[in-house]
Structure formats: C-alpha cells, structure tokens
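Enquirer:
In my numbering, the protein residues as written are 8 to 487.
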C-alpha cells in the first residue's frame, strides 16, 4: 500500500530512509533546511559548506555494518562510492589465513561528504522522491484517534508558512534537532537518557601527495589520557586527523586550536606522525572544532512497549546518538533507516504495528551500542583497543591480554572485529563459544600477551613542544 511520506533531514539517515522507502513504492518528500549547492562531483561536495551540518567535515568511520548494508540493500550506491575513489579495507589482515565471513569484515574508506554526495545522487535519480531544500521543519501536525490513544501525525509544518500532508513523518534531524519539543507540542513526552562524553573534537583535513602509500592501518590512533586521536585516510587522496580533548583543558584547547599547533602535534603523536615523515602536507582549511559529543537515547514507547505517537518515527541521532569517537553514527543511522523500511513493509497501513515493530527492532539492534559507548567512555577506552588498561596484576591484566591477543589471534581477532564493526552485539559476542573459550585461555596466561608500553608524550611534554614550536615560528616570521 503506497503511502505519502515526509523525511525531515537530508543526511545519511534521511537519505537512506528516502531511498529504501521509495524503492518500496512509497512517495517521499525530503525536507532539508540547508540550501544544498549543485555540486557536480565529490570534490565540489568536499569544499561546499553545510551550515546546518558542520559534522560532515569531521572525521568519520564507515564500519563493516554499513558496508554490508550497502552491499545487501543499496549495491548501486556501493558501486558509486567505489567508482569515485572509495576503498574497502579488510580488518583481518593480521589474523592468519582467510576464513568464511571475512568478506564482511572490511571498512569503507571514504569522506563523509563523498558518501552523502553519492547517496544523494541515487536518491535524486529515484522515482517517487522530491526534495524541498532551503526550508526548515517547525514540527508535526497531528490529530487524535478518537479513542484516547496516542496522537496520529498527519504532516509537518514548514518555516516558509506552508505545510506538507503525510501518512508518516520521519525525523532524521541529528543530535541537535528539536524532536522532543516538536512532540511536546502535540502532547507527547519523549524521555531521554543522556550521558556526556566529556570530550570535544578538533579536526583538520589534508591532501596526501600523489602516490602516497596507504599500506597502513585504516585508522591510526591512540589514547594518551589527555588526548585521543585518529588519523583516517579518505578518498581523493585526503587525510582527516581528529584530536579529542577535554573541553575544560583550556591550555591544550588553545594550543591545538591553532593551525600550526595542531599540525605540530600531529608530527609528534605516534600514528599521525607517519603521514608527515616525508614532508609537509597541503592543508584543506583550518582546524574545525566540534563540541556536544554525547550519548543519548530517546524513548518513543511507554513502559509496556506501546508507541506514544503514531505516524512519526525518529532515526539516527534524532533517536539514539553515541560518542562519535567510536565511528558508529553513520552505520547506525542507515541501520535504523532500513529497520524502519522493513517495519513499513511488514505492516502496510498499520501505523501502530509498524511503530511498535520499529521501536522493538531499534531496542534490539541499536540500543546496545548506546550502552557500550557509555561504558567505553567511563572506562576511558581508546581507539587502539587496549591502551590505559591492565596495569599490575589481577583481572585488569587478564582483560588487557585479551585485547592484545585480539590484534593477531584468528578467533579473538574476528570476534572483536565483528563487535567493533557492529556486526555482533556484546551479548552475541559473549554467546560465541569459540570466542569465549579462546578468551578464557588467554586470560589464564596473560603474561604470554604483554601489553605494549604506551608510546607518546605526556601532556606537559606536548604543551612544552608546542610552545617551543610557536616561539620558533614567531622568531622566523620576524626575521623574514
């Protein structure tokens, strides 16, 4: 039963939902507040500003979960990404002989702007989809069901004074979207659980020299306690480097917000330094800060699992967001878009059944990653997987040995790769008998898997080096 749908938000989640639902025969209008520029290719998309979505210029991870979803649901989009320079990189290179299932254990190396550009081209070419750009949504319109049940959304009001009627409204409005306020206006309470990460991002893009050898790890990062960092190659010969720090650390924030200071830090930090060994890189713009890195989940059902609103669905960060340091956001946004499309297919015309089905699927497929992100933030977990844990003897040492072993052990490595890449929830990984047996063996003899010493400067050493570099730069400029 074809329906008239409105998707609010033209990012990864919104575009994925529009494409999946239109290909199922529905008519979809995508409302995007940014006046999207007419970009002819991925390079134009890279330099185009998105005032409403500054996060597109931050470092992004495209984990195996999204790669599998593309292969299974949007193979044409995957083909398009690879045709413009996107690459897949296996995560099993250090895990011995290839095994069945390894084809799933790869990540996608591509810029967020390129990913969205290719996905948007597919949506623009899709029959049944129209775009309304340069106009924002003010909230849904709704009616009662006549029996005291949840309100039924009937469309959306726009800030140009018009409204769009819809059988359902899908909000993909990001972490800063006003979904709770929208629904409060029609009498729906949206409880939230929020856990701050205590971090902010500082990111900068560079262009790599032609022919640069990318025979490196897909992510080169680490955690020194006072700074976490990632260096991620992208398509088009680009490199994104992100430093994550405590926003209250004013000295470090000031030093790293400076373009020269940021680059000097990259030359010092183990991992990012590999990209600067053969000389300077061409920067693309300055250092871009981003705050508000939180974990948050919103509830659209009551204590019994019954939907509190009908004809309205939130996806991506508008529903559940996790600390972006772990690279899960885009993958989970597409996962939720596909879960929603599946709920529509399973319950045509039944707004209550599909809302309940979608929320139950999100609880099963998405909520565990909110919990994992909160736990990782509390533990100070780092992108390298084991830094900062396992000092001394006891359970911590044994657990650290497991992380070390997972770097090369075929069983643990694949188990953890499925976990990190959202292909297995924590419960599913712990339910894998082979993984648990091997984990017990490693934990019984942790000395066989010593934790490497943390390599890198102390905070005071990094600040001193940055101060010395700034002084030298100033002196050289005055002489010149």
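From the three backbone atoms N, C-alpha and C, an ideal C-beta is built for every residue, glycine too.
All figures in this text were calculated on a predicted structure; none of them were measured in a lab.
1. For residue 390, name the three-state secondary structure that DSSP assigns.
2. So residue 426 and residue 436 are in contact, right, with Cβ under 8 Å, and what is the actual spacing, rounded?
3. Grouping DSSP H, G and I as helix and E and B as strand, with all else coil, what is residue 170?
4. Restricting to runs no shorter than 4 residues, where is the alpha helix (DSSP H) found entirely within the segment 43-104?
5. Can you tell me whether residue 1 is buried or exposed, with buried defined as 16 or more other CB within 10 angstroms of its CB?
6. Shortest alpha-carbon distance to residue 194 belongs to which of 361, 215, 160?
7. What is the rounded straight-line gap between the Cα of residue 336 and the Cα of residue 302?
8. Spell out the partners DSSP gives residue 138 in its beta bridges.
9. Three-state secondary structure (DSSP) at residue 216?
10. Where does residue 177 fall in DSSP's three states?
11. Looking at the unbroken alpha helix (DSSP H) that takes in residue 450, where does it start and where does it end?
12. Taking residue 41 as the reference, give the member of 53, 35, 48, 18 with the closest Cα.
13. Would the segment 336-347 count as touching the segment 187-201 if we require 3 or more Cβ pairs under 8 Å?
14. Taking the alpha-carbon positions, what's the residue 476 to residue 350 distance?
15. Give me the residue from 353, 23, 461 with the minimum Cα distance to residue 177.
16. With a CB to CB cut of under 8 Å and the five nearest residues on each side skipped, what residues in its chain are close to residue 267?
17. Would you identify the three-state DSSP class for residue 148, choosing helix, strand or coil?
18. From residue 136 to residue 121, what does the alpha carbon distance come to, in whole angstroms?
19. From the DSSP secondary-structure annotation, give me the bridge partner or partners of residue 297.
20. When the Cα atoms are used, what is the spatial distance from residue 274 to residue 126?
21. Could you tell me which residues DSSP pairs with residue 250 in its beta bridges?
22. Output the distance between the C-alpha atoms of residue 78 and residue 471, rounded to the nearest integer angstrom.
23. List the whole-angstrom C-beta distance separating residue 181 from residue 280, where the pair is believed to meet the contact cut-off of C-beta under 8 Å.
24. Helix or strand or just coil, what does DSSP make of residue 227?
25. Is residue 320 helix, strand or coil when you go by DSSP?
26. Give, in chain order, every unbroken run of the alpha helix (DSSP H) that is at least 4 residues long and sits entirely within the segment 346-386.
27. By DSSP's criteria, residue 123 is part of a beta bridge. Which residues make up the other side?
28. Here's the rule: buried if 16 or more other CB atoms are within 10 angstroms of the residue's CB, otherwise exposed. What is residue 173?
Expert: Short version:
1. Annotation note: pLDDT 39 at residue 390 (below 50); position unreliable, coordinate value reported separately. Three-state DSSP puts residue 390 in coil, outside helix and strand.
2. 5 Å
3. Looking at residue 170 - three-state DSSP - the assignment turns out to be strand.
4. 49-54, 71-80, 82-90
5. Outside the displayed range of the chain (8 to 487) lies residue 1, so it cannot be described from this structure.
6. 160
7. 11 Å
8. Residue 138 is bridged to 37.
9. coil
10. strand
11. 440-451
12. 18
13. The segment 336-347, when compared against the segment 187-201, does not touch it at the 8 Å Cβ threshold.
14. 57 Å
15. 23
16. 476, 477, 480
17. Three-state DSSP puts residue 148 in a strand.
18. 21 Å
19. Answer is 208, bridged to residue 297.
20. 35 Å
21. 209, 236
22. 48 Å
23. About 33 Å; that fails the 8 Å criterion.
24. strand
25. strand
26. 358-372, 374-386
27. Looking at the DSSP assignment, residue 123 forms no beta bridge with any residue, so it has no partner.
28. buried
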